[in-house]
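*Asks:* Add 95 to a position in the sequence shown, counting from 1, and you land on the number used in our numbering. In this text, a Cβ means the ideal position worked out from N, Cα and C, and glycines have one as well. Quick one: the structure is below, questions incoming.
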Amino acid sequence: MIDLTHECDYNTLIEAVRRMSDRYGFLNFSYLTESVMGRGIPILRIGEGKKNYYYVGTHHGAERITGMLLLKFIYELCEVIRRGGKIGSTDSSFFLKQRSLFIIPQLNVDGAEISANGPDKSSPWYSRLVGINGSDGTGHGCCDLGTFQFGFQLL
96 MIDLTHECDY NTLIEAVRRM SDRYGFLNFS YLTESVMGRG IPILRIGEGK KNYYYVGTHH
156 GAERITGMLL LKFIYELCEV IRRGGKIGST DSSFFLKQRS LFIIPQLNVD GAEISANGPD
216 KSSPWYSRLV GINGSDGTGH GCCDLGTFQF GFQLL
């Protein structure tokens, strides 16, 4: 279900997350907030417990591999749960009644999209990107637009 041999741009990420949430009824998909460029930052929740664990990938746009690996982790975890398997030595249904996993595969969705496909020259953010990151607007991990103005307090 998750192809790690290709780059993961924003549309690929959202398509994969939607397919997984459709396939696994226990996987809750929503958006944490919007990025400064208007892209939703996806967040997935597995479990119903009061003890929370957070997994966050792609802090910097050029680090898309971390988001792809989290997608693979989610897929494999969902398959274990679907089969009624164990997580370590603990029954998965018991584990997820005690814990909640919050997974943000790509925190920096704008930087990841810019890194994957280059900057949109018609974007109002283009001149700022070029000013910060150089002539093509893709340097330094693409993280300096203020994407991180979200609130974990909402969780």
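(1) Taking only three categories from DSSP, how would you classify Glu129?
(2) What does the alpha-carbon distance come out to for the pair Val112 and Tyr126?
(3) Under a Cβ-count criterion, where at least 16 other Cβ atoms within 10 Å of its own Cβ denotes burial, should Thr161 be classed as buried or exposed?
(4) Would the beta-carbon of Phe124 fall within 7 Å of that of Ser116?
(5) Quick one: which unbroken alpha helix (DSSP H) runs of 4-plus residues sit fully inside the region 132-193? Chain order, please.
(6) Kindly indicate which three-state DSSP category Asn203 falls into: helix, strand or coil?
(7) Measuring only the C-alpha atoms, how far is Leu104 from Glu174?
(8) Measuring only the C-alpha atoms, how far is Gln193 from Arg177?
(9) Beta carbon of Gly144, beta carbon of Pro200: below 7 Å?
(10) What residue range is occupied by the uninterrupted alpha helix (DSSP H) comprising Asp117?
(11) Keeping to the same chain, check which residues put their C-beta closer than 8 Å to that of Ile141; ignore five residues upstream and five downstream.
(12) What do you get for Pro137, buried or exposed, if any count of 16 or more other CB atoms within 10 angstroms of its CB means buried?
(13) Thinking C-alpha only, which one of Phe189, His154, Tyr150, Pro214 is nearest Lys167?
(14) Determine the contact status of Asp205 and Met132, defining contact as a CB-CB distance below 7 Å.
*Replies:* In this structure, then:
(1) Judged by DSSP in its simplified three-state form, Glu129 adopts strand.
(2) Cα to Cα, Val112 sits roughly 11 Å from Tyr126.
(3) Buried is the label assigned to Thr161, since at least 16 other Cβ atoms lie within 10 Å of its Cβ.
(4) Taking 7 Å as the Cβ cut-off, Phe124 and Ser116 qualify as a contacting pair.
(5) Correct list: 159-178, 187-193.
(6) Here Asn203 sits in coil by DSSP.
(7) The displayed chain sequence assigns Asp, not Leu, to residue 104. Straight-line spacing of the CA atoms in Asp104 and Glu174 works out to 24 Å.
(8) Approximately 17 Å, taken between the alpha carbons.
(9) Using a Cβ distance threshold of 7 Å, Gly144 and Pro200 do not count as a contacting pair.
(10) Segment 105-118, the alpha helix (DSSP H) holding Asp117.
(11) Result list for Ile141: Phe121, Leu122, Asn123, Ile169, Leu172, Cys173, Ile176, Leu191, Ser195, Leu196, Ile198, in chain order.
(12) So Pro137 ends up on the buried side.
(13) Answer by Cα proximity: Tyr150.
(14) Cβ distance < 7 Å, so Asp205 and Met132 count as in contact.
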